[in-house]
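These notes are about the structure you will find just below.
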Amino acid sequence: MWWENIKVGDKVRIIWKKKYFKPITGKVIKIWHKELHLDLGDGRTMAVYLMDDMIQKVEKCQ
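Numbering-wise (our numbering), the sequence shown opens with residue 25 and increments by one.
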């Protein structure tokens, strides 16, 4: 499964299926039960459920 390649500390980009949602880039701070917890910067965090139908793909950034 593709999320097994993602580790804490990786920078990832979430691409949504809906075109009017902007892609979100953040650093993985925790992985818990198919959820990614991202540090978006400026003190903001976000949790993304990897099995959500709204997600088109998750890709690693360099």
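A virtual CB, placed ideally from N, CA and C, is assigned to each residue, including glycine.
Quiz prompt | residue 60 versus residue 42: straight-line alpha-carbon distance, rounded | solution = C-alpha separation (whole angstroms): 20 Å.
Quiz prompt | Other residues of its chain near residue 58: CB distance less than 8 Å, five sequence neighbours each side excluded | solution = 27, 73, 74 and 75
Quiz item: Are the beta-carbon atoms of residue 39 and residue 81 separated by less than 7 Å?
Solution: yes
Quiz item: Hey, how far is the Cα of residue 44 from the Cα of residue 32?
Solution: Whole-angstrom Cα-Cα distance: 28 Å.
Quiz item: Since residue 63 is in the beta strand (DSSP E), which residue starts that stretch and which ends it?
Solution: Unbroken beta strand (DSSP E) run through residue 63: 59-65.
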